[in-house]
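Beneath this line is the structure, given in structure tokens, with notes to follow.
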Amino acid sequence: MLKALSELHLEQPFVYRPYYEIEHSHPKCPIPKVIQWCMYSPKEFEDYKLSLESILEQLLLFQEQAHLLKNLPHQLIHGDLNESNVLVNENKIIAFLDFEFVTYDLRIMEAAVSISELIIKEPVLDQLRRNLERYISGLISVQSYTFDEVQFLPLLIKLRRLDVFIHFLGRFIDGKDQSHILKEQVDKTIESIKWMNDHENMLIEKWISQIS
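Each number in the numbering used here corresponds to the 1-based position in the sequence shown with 1461 added.
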């Protein structure tokens, strides 16, 4: 699918901006408002104070590096490629669903989104390693990536979780979700960031070993 999207060239403007323009992630959540909310969250999030501070720290760190991403290769991407958007029959992918978030973005962001989901779904490290090896092997069999793209992959995986957090924060502010749903996303964001901090070298080495 990634290869097919790379061959499409659309002239009309896209609804969604690239992931790295995280200031446009949700219309109700400009970065200053996200900062304020994380610093002065409602009382029901009192037990999440440290987690929200960690998310805020990661958000600010990302903003310092965001400008480095703009020169990486871009193309159309699905933008939300996870297990809920893939139909499988007898271990074969037969369809992709939900093209709502398709936009012109970093081509390796597609990998970052999927790997972010793999990290969240598989708590057993050895199995996760095997899943990552299979995913990377399959992906690079149809698409080549530059060394710079791979080096930024850990940052982009964190970006995916930050984006999802802001999306659900916007839903909470709009009254569409109750607090327990946002708390779940906070937990997932912290889990993913911690895993990435502990294993980002392993992830890069696995990718490079597959193409060397």
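C-beta: ideal position from N, C-alpha, C; glycine also.
Within the region 1492 to 1580, the complete alpha helix (DSSP H) segments at least 4 residues long are 1492 to 1500, 1510 to 1526, listed from N- to C-terminus. Here Ile1634 is not near Ile1576, since their CB atoms are 8 angstroms or more apart. The straight-line gap separating the alpha-carbon atoms of Glu1525 and Asn1550 is approximately 43 angstroms.
In this structure, DSSP gives Gln1612 a helical state, which the three-state scheme calls helix. In terms of Cβ geometry, Glu1571 and His1539 form a close pair [threshold 8 angstroms].
Under the three-state reduction of DSSP, Ser1670 is assigned to helix.
Closest in C-alpha terms to Leu1513, from the list Ile1555, Val1647, Glu1652, Asn1658, comes Val1647. Taking a 10 Å sphere around the C-beta of Val1611, we find 16 or more other C-beta atoms and assign the residue as buried. Here Phe1475 carries a coil assignment [DSSP, helix/strand/coil].
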